[in-house]
Amino acid sequence: MDWGAIIQNLFRGFIGEPFIYFSLAAMGLNMHYGYTGLLNFGQAVFMAAGAYGLSMAVVTLGLNFWWGLLLGIVVFPLLLALIMGVPTLRLRADYLAIVTIAASEMFRIIARSPSLDRWTGSSDGLTAFANRFYDFNPFDKQKRYFFGLFIGNQMWVVLIGWIVLSTVALIVWMTMRSPWGRVLRAIREDEDAARSLGKNAYWFKMQALMIGGMFGALGGMFRAIGTQSAQPQNFITDVTFFAWVALILGGAARVGGPIAGAAILYGILNFTDVFLRQLVENGYMPEVIMDGTQVGQVRFMMIGLGLILLAIYRPQGIFGTKEEMALDER
Amino acid sequence: MNAEPSTAQELFDGVPYEPGAAKNDPILVADNVRRAFGGLVAVDVEHLEVQRGAITALIGPNGAGKTTFFNLLTNFDEPDTGDRLFEGNDLSGVSAYKVANLGMVRTFQLTKSLSKMTVIDNMRLGGTEQAGESFFRALLPFLWRRQEAEITERADALLERFKLSHMRDEFAGTLSGGQRKLLEMARALMVRPNIVMLDEPMAGVNPALKQSLLDHVKGLRDEGMTVLFVEHDMDMVQEISDWVVVMAEGRIIAEGPPESISSNQAVVDAYLGSHHDSALDLEAD
Numbered sequence: 001m002d003w004g005a006i007i008q009n010l011f012r013g014f015i016g017e018p019f020i021y022f023s024l025a026a027m028g029l030n031m032h033y034g035y036t037g038l039l040n041f042g043q044a045v046f047m048a049a050g051a052y053g054l055s056m057a058v059v060t061l062g063l064n065f066w067w068g069l070l071l072g073i074v075v076f077p078l079l080l081a082l083i084m085g086v087p088t089l090r091l092r093a094d095y096l097a098i099v100t101i102a103a104s105e106m107f108r109i110i111a112r113s114p115s116l117d118r119w120t121g122s123s124d125g126l127t128a129f130a131n132r133f134y135d136f137n138p139f140d141k142q143k144r145y146f147f148g149l150f151i152g153n154q155m156w157v158v159l160i161g162w163i164v165l166s167t168v169a170l171i172v173w174m175t176m177r178s179p180w181g182r183v184l185r186a187i188r189e190d191e192d193a194a195r196s197l198g199k200n201a202y203w204f205k206m207q208a209l210m211i212g213g214m215f216g217a218l219g220g221m222f223r224a225i226g227t228q229s230a231q232p233q234n235f236i237t238d239v240t241f242f243a244w245v246a247l248i249l250g251g252a253a254r255v256g257g258p259i260a261g262a263a264i265l266y267g268i269l270n271f272t273d274v275f276l277r278q279l280v281e282n283g284y285m286p287e288v289i290m291d292g293t294q295v296g297q298v299r300f301m302m303i304g305l306g307l308i309l310l311a312i313y314r315p316q317g318i319f320g321t322k323e324e325m326a327l328d329e330r
Numbered sequence: 331m332n333a334e335p336s337t338a339q340e341l342f343d344g345v346p347y348e349p350g351a352a353k354n355d356p357i358l359v360a361d362n363v364r365r366a367f368g369g370l371v372a373v374d375v376e377h378l379e380v381q382r383g384a385i386t387a388l389i390g391p392n393g394a395g396k397t398t399f400f401n402l403l404t405n406f407d408e409p410d411t412g413d414r415l416f417e418g419n420d421l422s423g424v425s426a427y428k429v430a431n432l433g434m435v436r437t438f439q440l441t442k443s444l445s446k447m448t449v450i451d452n453m454r455l456g457g458t459e460q461a462g463e464s465f466f467r468a469l470l471p472f473l474w475r476r477q478e479a480e481i482t483e484r485a486d487a488l489l490e491r492f493k494l495s496h497m498r499d500e501f502a503g504t505l506s507g508g509q510r511k512l513l514e515m516a517r518a519l520m521v522r523p524n525i526v527m528l529d530e531p532m533a534g535v536n537p538a539l540k541q542s543l544l545d546h547v548k549g550l551r552d553e554g555m556t557v558l559f560v561e562h563d564m565d566m567v568q569e570i571s572d573w574v575v576v577m578a579e580g581r582i583i584a585e586g587p588p589e590s591i592s593s594n595q596a597v598v599d600a601y602l603g604s605h606h607d608s609a610l611d612l613e614a615d
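So the protein lines, in turn, are chains C and H. Per this note's numbering: the first sequence = residues 1 to 330. Per this note's numbering: the second sequence = residues 331 to 615.
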């Protein structure tokens with residue numbers, strides 16, 4: 001058993017690239033669901049907006065990297081939020097859920113359509129659009145950094161990711177302590193009450209959808225930059241539900257909830273992956289139970305089991321409080 | 331309305347006791363307001379004026395269309411036809427939240443206290459024109475900190491008046507039913523309304539709290555606010571209302587001071603059926 005590799009993978013899960021993508025996406029969901037009560041089951045489409053905003057700007061339109069950032073972080077997600085929000089935010093929460101899940105699938109299927117090859121690169125996606133990002137990389141590509149966890153390029157992505165993550169967390173923390181955040185929470189509790197006190201619930205929900213979508217787009221963009229590719233299969237519905245798992249695991253309506261949730265989710269995924277693989281390789285695991293090719297599935301089964309246990313014993317998530325949870329039942 | 335009268339009867343001098351009577355100084359006027367749900371005409375009100383500075387009760391048997399009419403008056407529902415004028419502003423096509431900003435604030439039959447927010451946050455929410463309710467300004471606390479302090483001060487004063495100060499930092503979800511009614515009323519006052527619309531303020535309130543709730547409603551009038559409430563509780567109607575509007579089957583069938591209502595034949599018929607011929611005993615409700 002190579003315990004060094006196991007521990008190293010565990011920590012890469014805690015703080016590495018997938019942790020950054022998914023905690024950003026989950027922070028967006030937290031803005032939607034945790035604070036405003038919007039059910040967004042299509043966070044993947046906001047992530048795709050970030051990834052394709054940047055890559056299409058650079059590869060398809062030949063704009064420079066900075067215009068790509070603007071398109072991916074601001075323009076695409078805002079347009080998406082408007083398209084999905086205008087028809088649904090006046091209606092009950094369920095309608096947004098339906099529209100978001102449909103939009104995320106539509107986008108993925110359209111993006112991989114061969115007839116759009118010239119624009120989206122169809123199922124191969126777009127590549128090599130983030131060279132400008134790596135031009136600024138101060139780390140040596142050959143060396144390993146941060147206790148040997150990341151090689152140069154990864155270290156650069158992860159470092160910028162941490163900075164962006166902290167900034168987003170700070171924004172969430174500050175706005176949620178402000179009157180703006182108070183209105184969002186009031187809308188989550190009871191939209192009509194907020195309206196009766198003169199708050200334009202529709203517009204506040206739209207703002208939350210836009211801002212949470214922009215956080216998601218940042219997550220998707222980091223994923224695209226980290227792998228230098230934007231591909232339709234990176235934004236399947238599973239991606240949305242991973243972000244949801246991170247949010248529920250950590251606890252909704254808490255600034256740190258989605259961050260802790262994403263860290264734990266990827267910590268466990270990475271740990272079980274290497275741990276199980278080593279068990280199989282070293283012959284500790286009887287073949288009747290599982291073989292090497294089943295590791296991938298078994299670790300998701302274990303995550304599922306963990307979630308069931310969480311739902312039973314700690315439904316409020318790691319950061320939530322039981323008292324607050326209990327108020328729902330009154 | 332500067333003195334401290336226990337009633338505001340003099341405001342109704344010369345107003346006839348008949349449905350649709352014109353008031354001396356109406357704050358809210360409804361004209362030909364009609365709302366149907368499929369084939370059922372829930373509300374069909376020809377004309378109603380609500381007197382400024384008085385407490386008006388809207389009563390009627392179950393299914394009379396009181397709550398529907400109430401929702402139409404507060405713009406939480408749109409009528410099929412008809413106009414509503416509030417302080418001269420036509421409410422047609424105006425969003426419900428804008429009505430609140432015009433100075434009309436309502437409460438709900440099923441109290442809408444925001445459970446997972448503290449009592450003081452519930453109150454602060456009622457403050458209007460808050461600079462910090464813009465996303466970008468929210469990130470710059472120095473732009474709204476002073477206003478927040480003012481709002482908090484006003485909220486604390488109201489909590490004191492409504493005897494909720496001890497619950498200030500508790501989640502509103504932990505309040506009792508009666509306390510929630512009080513909180514909702516106090517929160518409505520944060521908007522600084524001209525008219526307060528109360529939808530069954532006494533529903534689910536224990537008798538001990540009723541008297542204090544009644545006093546609070548009278549207090550609103552004594553401060554110059556107009557109050558319109560929907561109620562089943564006849565004690566409350568008798569005790570605090572200056573004017574009573576009776577609805578049945580979607581129409582207004584009678585208007586007048588509370589004393590005049592119990593002997594009104596149309597009202598007796600509506601409540602008890604038209605074959606009944608004795609006076610309605612409101613005290614025995």
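We put the CB at the ideal spot given by N, CA and C, even for glycine. Remember, it's a predicted structure, so these values are computed and weren't measured experimentally.
Taking 7 Å as the Cβ-Cβ cut-off, the segment 533-558 of chain H has no residue approaching chain C. For the segment 482-553 of chain H, the full-length alpha helix (DSSP H) segments reaching 4 residues or more read 507-519, 537-552 along the chain.
Sixteen is the threshold: when 16 or more other Cβ atoms of the shown chains lie within 10 Å of the Cβ of K199/C, as they do, the residue is buried.
Taking 8 Å as the cut-off, the beta carbon of M27/C is found closer than this to the beta carbon of V168/C. Checking the DSSP bridge columns, you'll see S229/C partnered with T127/C. Between G433/H and V576/H, the CB-CB gap reaches or exceeds 8 Å. For the pair T175/C and Y284/C, the Cα-to-Cα distance works out to about 51 Å. Cβ-Cβ distances below 6 Å link G226/C to E17, V157 in the same chain, with the five nearest sequence neighbours on each side left out; the list follows chain order.
Contact annotation: in the segment 478-500 of chain H, residues whose CB is within less than 8 Å of a CB in chain C are E478. For G53/C, the uninterrupted alpha helix (DSSP H) segment begins and ends at 43-55. Closer than 9 Å at the C-beta level to chain H, one finds these residues of the segment 184-199 of chain C: R185, A186, R188, E189, D190, D192, A193, A194, R195, S196, L197, G198, K199.
R12/C places its beta carbon 8 Å or farther from that of N234/C.
With distances taken between CA atoms, W203/C lies nearest to W180/C out of G220/C, W180/C, G216/C. At a C-beta separation below 7 Å, F399/H has no neighbours in chain C, since its nearest C-beta there lies roughly 17 Å away.
According to DSSP, residue pairing for F559/H in a beta bridge involves A387/H, L528/H. Close partners of L91/C in chain H (Cβ separation under 9 Å) are lacking, with about 15 Å as the shortest Cβ gap.
In terms of Cβ geometry, V521/H and A430/H form a close pair [threshold 8 Å]. Remark: C-beta atoms of G261/C and P77/C do not approach each other more closely than 8 Å. Per DSSP, M577/H is one residue of the beta strand (DSSP E) stretching across 573-578. Judged by DSSP in its simplified three-state form, D361/H adopts strand. Across the set D117/C, K205/C, I20/C, the C-alpha of I20/C shows the shortest separation from the C-alpha of M155/C. Approximately 5 Å separates the beta-carbon atoms of Y52/C and A230/C; this is inside 8 Å, confirming the contact. The Cβ-Cβ distance between G508/H and L489/H does not fall below 8 Å. Between M84/C and A103/C, the beta carbon gap of about 6 Å places them in contact (Cβ cut-off 8 Å). For L327/C, the nearest CB of chain H lies under 8 Å from its own CB, placing it at the interface with that chain.
By the 16-neighbour rule on beta-carbons within 10 angstroms, W173/C is exposed. Judged by DSSP secondary structure, I582/H falls within the beta strand (DSSP E) whose first and last residues are 581-586.
A straight line joining the alpha-carbon of L305/C with that of G292/C spans about 20 Å.
In the DSSP assignment, L310/C falls within the alpha helix (DSSP H) that extends over 295-313. The Cβ neighbour count for T556/H, taken over all protein chains shown within 10 Å, is at least 16; the residue is labelled buried.
Excluding residues up to 5 positions away in sequence, V295 lie with their Cβ nearer than 6 Å to the Cβ of R277/C in the same chain. Close CB contacts of V380/H within its chain, under the 8 Å cut and outside five residues either way in sequence, are with K353, P356, I357, L358, V359, T386, I525, T556, L558 (chain order).
Within its own chain, the residues whose Cβ lies closer than 7 Å to the Cβ of P588/H, once the five positions on either side in sequence are excluded, are V567, Q568, S571, V574, listed in chain order.
In the DSSP assignment, F65/C falls within the alpha helix (DSSP H) that extends over 65-70. In the displayed model, I171/C falls within a helix according to three-state DSSP. Close CB contacts of G256/C within its chain, under the 8 Å cut and outside five residues either way in sequence, are with A169, G250, F319 (chain order).
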